[in-house]
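Enquirer:
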Amino acid sequence: MTATDQSRTKSTYSLQWNQFRILRPEEDRATFRNRTGLTAADLEGALVLDAGCGMGRYLRMAAELGARAIGLDLSEAVRAARELTADLPGVSLTRGDLLRPPFAAGSFDHIYSLGVLDHTPDPRAAFLALARLLKPGGRIVIWVYPRERPLLEAVVRVHRGVSTRLPVSWLLTLSRLMAPVGGWKRRLMASPRRLVNRAGVALHLLTYGVSMHPDPEVRVCDTLDWYAPRYLSRHTREEVLAWFGAAGLVEVVDLSAGQVFHHEGQGHGINLAGRRPG
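Here is the structure:
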């Protein structure tokens, strides 16, 4: 990662997670449960790494379920995470790079990284670096963006080819201006009327990165998260499975099978877990 790219990444997430300290406890718990598969029985007394913790919403979930939880993030988002988890004695926070995590090999019982590896310059290398931190028998869970159909991929390339050249402050303003569009998409695509529904699908294609979350403020945050980061990679299931194989992990499972989203429009992704032998 060049100094310019690292600066962009830090500024994006420092702004995003210190400005948007949005908690939706019911949704956060459901998302954590869906995307990690972790329960209180798994986490009680375990040493857990939240790799790319952002503002710390999932870090808090892990700690509330009994984990000794460490949050790692490259940006000043750790300030927001520290404030969010200040009442939980089992939490600590560290600034650092997922490609060079500042921990000894074989340290953690559980590691999860949800929607973070795809914002690094080399997601595979970051995954392998994290997998080395697992204790024998330890488990890692990741969620990354899926590769879409060619037409959608082309739209994404065009949009982000422009957006990643704009100042993050401009993109924040644009994300606020586009927030109503996400609401329109939700309503149109939910319509039983065929032509109205198709209009919603067409609008979604043209504004693919604009979030459809029911909460307008979350929409702004999620839209910024799509357009602002320097890196946003998409992957196939087979590609990500190969990462687990390269790391020597076993008992690899697809957590996305049978997932029920908390709301319509919640992002789908590649969501796999695996265990280090031993």
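Numbering (the working numbering), first residue to last: 382 to 659.
Yeah, the Cβ is synthetic: ideal placement off N, Cα and C, and Gly gets one too.
1) According to DSSP, which residues form a beta bridge with THR349?
2) Under 7 angstroms Cβ to Cβ from GLY646, same chain only, skipping five residues before and after it: list those, please.
3) I'd like the list of long-range same chain contacts for THR417, defined as Cβ closer than 6 angstroms, with 5 residues on each side in sequence excluded.
4) For GLU408, which of helix, strand or coil comes out of DSSP?
5) Taking all protein chains shown into account, do 16 or more other C-beta atoms lie within 10 angstroms of the C-beta of LEU495, making it buried, or fewer, making it exposed?
6) Is ARG438 buried or exposed, if buried means 16 or more other CB atoms sit within 10 Å of its CB?
7) Run the proximity test for ILE523: is its beta-carbon closer than 7 angstroms to any non-hydrogen atom belonging to the ligand FMN?
8) Cα separation between VAL397 and ALA443?
9) Who are the near neighbours of ALA448 in its chain, counting only those whose CB is closer than 6 angstroms to its CB and skipping five residues on each side?
10) Does TYR612 come out as helix, strand or coil in the three-state DSSP assignment?
11) Taking ASP423 as part of the alpha helix (DSSP H), name the residues at either end of that continuous run.
12) In or out: ASP468 buried (at least 16 other Cβ within 10 Å) or exposed?
13) What's the gap between the Cα of HIS616 and the Cα of ARG530?
14) Is PRO504 near LEU511, with beta carbons less than 8 angstroms apart?
15) Check PRO517 in the structure and name its three-state DSSP category.
16) From what residue to what residue does the beta strand (DSSP E) around ALA654 run?
17) I need the straight-line Cα distance from HIS643 to GLU407, nearest angstrom please.
18) Go through its chain and collect everything with a Cβ distance to VAL601's Cβ below 6 angstroms, but skip five positions before and after it.
19) Taking the DSSP output, what are the residues bridged to TYR493?
20) Based on Cα-Cα distance, which residue from SER637, ALA462 and ILE403 lies nearest to PRO527?
Expert: Inspection of the coordinates gives the following:
1) Residue numbering for the chain in the displayed model covers 382 to 659; residue 349 lies beyond these limits and cannot be assessed.
2) Since pLDDT at GLY646 reaches only 49, below the 50 mark, its modelled position is unreliable, and no value is offered.
3) TYR493 and VAL522.
4) Helix.
5) Looking at its Cβ environment, which holds 16 or more other Cβ atoms inside 10 Å, LEU495 is buried.
6) Buried: at least 16 other Cβ atoms inside 10 Å.
7) Annotation note on the ligand FMN: not contained in the displayed structure, which lists no ligands.
8) Note on residue identity: the sequence assigns Gln, not Val, to residue 397. If you take the alpha carbons of GLN397 and ALA443, they lie about 22 angstroms apart.
9) Here ALA448 has LEU424, ALA427 and VAL429 as same chain residues with Cβ atoms under 6 angstroms from its own Cβ, once five neighbours each way along the sequence are excluded.
10) Here TYR612 sits in coil by DSSP.
11) Its alpha helix (DSSP H) spans residues 421 to 424.
12) By the 10 Å Cβ count, ASP468 comes out exposed.
13) Cα to Cα, the separation comes out at about 12 angstroms.
14) Result no, Cβ atoms of PRO504 and LEU511 do not sit closer than 8 angstroms.
15) Judged by DSSP in its simplified three-state form, PRO517 adopts strand.
16) Counted as a single uninterrupted DSSP element, the beta strand (DSSP E) harbouring ALA654 occupies residues 651 to 656.
17) Only weak support is given to the placement of HIS643: the predicted model assigns it a pLDDT of 47, under 50, and the question is left unresolved by the model.
18) SER556, ARG557 and ALA560.
19) Note: TYR493 sits in a beta bridge opposite ASP431 and VAL522.
20) Among SER637, ALA462 and ILE403, the Cα nearest to that of PRO527 is on SER637.
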